[in-house]
Amino acid sequence: MNKQITTIILGLGGRGRDIYGRYILEHPQEIKVVGIADVDEEKLVRVGKDFSLPKEACFTSAEAILDQPKMADCALICTQDKDHVNHAKMALEKGYHLLLEKPVSDSIEACEELVELAKIHKRHVVVCHVLRYTPFYNTIKDCITKGDIGEVVTVQAIENVGYWHQAHSFVRGNWRKTSESSPMILAKCCHDLDILLWLVGKSCKQVSSFGSNYLFKQEKAPEGATLRCTDNCLARKECPYDAVRYYLEDPVTGVKGGKKDWPINIVAPVPTEENVMEALKTGPYGRCVYHCDNDVVDHQVVNMLCEDGVTINFTMTAFSDRCYRYLKVMGTKGCIEADMDKNVVSVFKFGEEPIHYMIDNETSIEGHGGGDEKMMDQFIELMRNPEHISSLQTSLEKSIESHIVALKAEASRLEDGKVFTVK
Numbered sequence: 137m138n139k140q141i142t143t144i145i146l147g148l149g150g151r152g153r154d155i156y157g158r159y160i161l162e163h164p165q166e167i168k169v170v171g172i173a174d175v176d177e178e179k180l181v182r183v184g185k186d187f188s189l190p191k192e193a194c195f196t197s198a199e200a201i202l203d204q205p206k207m208a209d210c211a212l213i214c215t216q217d218k219d220h221v222n223h224a225k226m227a228l229e230k231g232y233h234l235l236l237e238k239p240v241s242d243s244i245e246a247c248e249e250l251v252e253l254a255k256i257h258k259r260h261v262v263v264c265h266v267l268r269y270t271p272f273y274n275t276i277k278d279c280i281t282k283g284d285i286g287e288v289v290t291v292q293a294i295e296n297v298g299y300w301h302q303a304h305s306f307v308r309g310n311w312r313k314t315s316e317s318s319p320m321i322l323a324k325c326c327h328d329l330d331i332l333l334w335l336v337g338k339s340c341k342q343v344s345s346f347g348s349n350y351l352f353k354q355e356k357a358p359e360g361a362t363l364r365c366t367d368n369c370l371a372r373k374e375c376p377y378d379a380v381r382y383y384l385e386d387p388v389t390g391v392k393g394g395k396k397d398w399p400i401n402i403v404a405p406v407p408t409e410e411n412v413m414e415a416l417k418t419g420p421y422g423r424c425v426y427h428c429d430n431d432v433v434d435h436q437v438v439n440m441l442c443e444d445g446v447t448i449n450f451t452m453t454a455f456s457d458r459c460y461r462y463l464k465v466m467g468t469k470g471c472i473e474a475d476m477d478k479n480v481v482s483v484f485k486f487g488e489e490p491i492h493y494m495i496d497n498e499t500s501i502e503g504h505g506g507g508d509e510k511m512m513d514q515f516i517e518l519m520r521n522p523e524h525i526s527s528l529q530t531s532l533e534k535s536i537e538s539h540i541v542a543l544k545a546e547a548s549r550l551e552d553g554k555v556f557t558v559k
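According to our numbering, the sequence shown is numbered sequentially starting from 137.
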């Protein structure tokens, strides 16, 4: 019988509670939670009950739980972005292996310091670059590795953030301000930069970038817009970002239509009609998107020059109806076109009929094309066999390459596209 892994969870938000917490509840023979920490005492009580934890195993801060003697095999670091690296350092010093939410840090120096600390303590730090674990991207990687398109020369990729996701997370939500989280190209897109570098198998040498917050600012507000969507806004009927319609009234996305999970449960942890309306009247998610305190970009393009002259062009945009990723990989003997929304990877060998792969990413936990669940599967196996690293996993050093590229890209954006050397 396989050993049951024990873990603590630091941070009980959308990742710690809804993704990893749910996985653990569905795999009780594989992994067990023995301690949790969050600053929100209501969450502590609710999640503590889910895992049948005694009160003394529920802590009101990550620091408090990490002050205790080592309690488990590993720690899941799912706190706010700015706290990731400090909590990771504390956990490593206690002897925990780590599953660490991205981004690691918005400081290159702090990322590199963590790499050295992990080596000193001989602990694994697996960064949650979950796209590496998806059947979608693994199909693309397999086609490249087999030589189906010859040598990769250039890649074009786009992350369609989605108009509503941008409004929820990056205008009204926790990732709206660089000073409180990190630049959007890091917070949202280090996933993408990591997977693109992994696909081409090359390190980035130079980077340039352009982008801005084009729409979500006061001067773009339509006539009659109020500070809150609940304040009899005259522009509400025509506004696609109306919070009352999206979170409350819409038959698909709103609580009146029966939706209870993310993102509704971020607005109101207990998502009833009354709770959601009260949250919209008083909390951040009811604010007009044109009258928030956000400063992150709503579109950005990044150009990367990699080893051997390979180039990558990556675009992030808020202005799409759906949230999905698309890319085209172009090689000397063919190209690959891949649409994550349609779950199709098409290989076009020059002069031959195309081959279309329909991707099956069905898992019990939705998110990132099945990558969340498959990453947890791999992480548990790593905890059982710390000497064995699967081909899907990567070193912390490789994981932070995407952070370095993202931070250099942000520096370029702030200097009107100046080219920065990555290494």
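Just so it is clear, CB atoms sit at the ideal spot from N, CA and C, and this is done for glycine as well.
Do residue i and residue j have their C-beta atoms within less than 9 Å of each other?
{"i": "Thr-451", "j": "Gln-436", "result": "yes"}
{"i": "Phe-272", "j": "Val-558", "result": "no"}
{"i": "Val-336", "j": "Val-291", "result": "yes"}
{"i": "Gly-150", "j": "Pro-358", "result": "no"}
{"i": "Leu-351", "j": "Glu-546", "result": "no"}
{"i": "Ala-105", "j": "His-223", "result": "The first residue shown for the chain is 137 and the last is 559, placing residue 105 beyond what the model contains."}
{"i": "Asn-294", "j": "Tyr-462", "result": "Going by the sequence as given, residue 294 is Ile instead of Asn. Yes, the pair counts as a contact, with Cβ atoms nearer than the cut-off."}
{"i": "Ala-200", "j": "Ala-227", "result": "no"}
{"i": "Cys-194", "j": "Tyr-156", "result": "no"}
{"i": "Lys-544", "j": "Val-251", "result": "no"}
{"i": "Asn-479", "j": "Asp-496", "result": "yes"}
{"i": "Lys-313", "j": "Val-432", "result": "yes"}
{"i": "Tyr-382", "j": "Gly-394", "result": "no"}
{"i": "Pro-190", "j": "Ala-542", "result": "no"}
{"i": "Gly-286", "j": "Gly-467", "result": "yes"}
{"i": "Asp-444", "j": "Lys-338", "result": "yes"}
{"i": "Phe-187", "j": "Val-175", "result": "no"}
{"i": "Asp-203", "j": "Gly-470", "result": "no"}
{"i": "Arg-308", "j": "Pro-420", "result": "yes"}
{"i": "Asp-219", "j": "Trp-311", "result": "no"}
{"i": "Lys-396", "j": "Pro-407", "result": "yes"}
{"i": "Val-183", "j": "Cys-325", "result": "no"}
{"i": "Thr-196", "j": "Leu-212", "result": "no"}
Going by C-alpha distance, which of the options is nearest residue i?
{"i": "Ala-361", "options": "Ser-318, Asn-401, Gly-422, Val-403", "result": "Gly-422"}
{"i": "Lys-485", "options": "Leu-329, Gly-298, Ile-280, Val-297", "result": "Ile-280"}
{"i": "Ile-536", "options": "Ile-331, Pro-420, Trp-300, Asp-284", "result": "Ile-331"}
{"i": "Cys-365", "options": "Glu-489, Tyr-159, Gly-393, Cys-428", "result": "Cys-428"}
{"i": "Pro-319", "options": "Phe-556, Ser-548, Val-555, Lys-554", "result": "Ser-548"}
{"i": "Met-476", "options": "Gly-507, Trp-311, Phe-306, Phe-556", "result": "Gly-507"}
{"i": "Asn-138", "options": "Leu-518, His-539, Ser-538, Ile-276", "result": "Leu-518"}
{"i": "Asn-430", "options": "Ser-241, Ile-491, Ser-348, Cys-340", "result": "Ser-348"}
{"i": "Asp-434", "options": "Asp-203, Lys-534, His-304", "result": "His-304"}
{"i": "Lys-230", "options": "Leu-253, Val-181, Glu-249, Phe-515", "result": "Leu-253"}
{"i": "Gln-354", "options": "Leu-329, Val-425, Ala-211", "result": "Val-425"}
{"i": "Ser-243", "options": "Phe-346, Ser-538, Asp-552", "result": "Ser-538"}
{"i": "Lys-341", "options": "Asp-552, Cys-442, Ala-211", "result": "Cys-442"}
{"i": "Thr-275", "options": "Asn-296, Trp-334, Ser-315", "result": "Trp-334"}
{"i": "Glu-192", "options": "Arg-182, Lys-179, Asp-176, Gly-171", "result": "Gly-171"}
{"i": "Cys-459", "options": "His-301, Lys-255, Pro-164", "result": "His-301"}
{"i": "Val-297", "options": "Glu-248, Lys-464, His-327", "result": "His-327"}
{"i": "Lys-255", "options": "Lys-225, Asp-278, Lys-277", "result": "Lys-225"}
{"i": "Leu-329", "options": "Asn-449, Glu-316, Glu-374", "result": "Asn-449"}
{"i": "Glu-178", "options": "Glu-551, Pro-405, Glu-473, Ser-531", "result": "Pro-405"}
{"i": "His-163", "options": "Ile-516, His-524, Asn-521", "result": "Ile-516"}
{"i": "Ile-540", "options": "Lys-185, Ile-167, Glu-248", "result": "Glu-248"}
I want to check one thing, is the minimum distance from the CB of residue i to the heavy atoms of the ligand GTP below 8 Å?
{"i": "Gly-393", "result": "Of the ligands one can find in the structure shown there are none, so the ligand GTP has no counterpart to examine."}
Would you list the one or two residues that DSSP bridges to residue i?
{"i": "Gly-337", "result": "Answer is none; Gly-337 lacks a bridge partner."}
{"i": "His-492", "result": "Ser-482"}
{"i": "Val-288", "result": "Gly-467"}
{"i": "Glu-129", "result": "Past the boundaries of the shown model lies residue 129; the chain is included only from 137 to 559, so the question cannot be answered."}
{"i": "Gln-342", "result": "Leu-441, Thr-557"}
{"i": "Gly-152", "result": "Bridge partners of Gly-152: none, in fact."}
{"i": "Arg-364", "result": "Arg-423"}
{"i": "Leu-532", "result": "Paired residues: none, contrary to the question."}
{"i": "Ile-141", "result": "Ile-167"}
{"i": "Leu-146", "result": "Ala-173, Ile-213"}
Can you confirm whether the region 253-263 touches the region 228-237 when touching is taken to mean that 3 or more C-beta pairs between the two stretches lie within less than 8 Å? Yes, since at least three Cβ pairs between the region 228-237 and the region 253-263 fall closer than 8 Å, the two stretches touch.
With three or more beta-carbon pairs closer than 8 Å as the criterion, would you say the region 205-213 touches the region 137-147? Verdict: yes, contact present.
Length-filtered (3 minimum) beta strand (DSSP E) runs lying within the region 219-279: Segments of the beta strand (DSSP E) lying fully in the region 219-279: 233-236, 261-263.
Mind listing, in chain order, the continuous beta strand (DSSP E) runs of no fewer than 3 residues lying wholly within the region 392-480? Those beta strand (DSSP E) runs which fall completely within the region 392-480 and span 3+ residues are 435-442, 447-453, 460-467, 470-475.
Go through the region 158-220 residue by residue and report every complete run of the alpha helix (DSSP H) that reaches 4 residues or more, in order. Segments of the alpha helix (DSSP H) lying fully in the region 158-220: 158-162, 177-186, 198-202.
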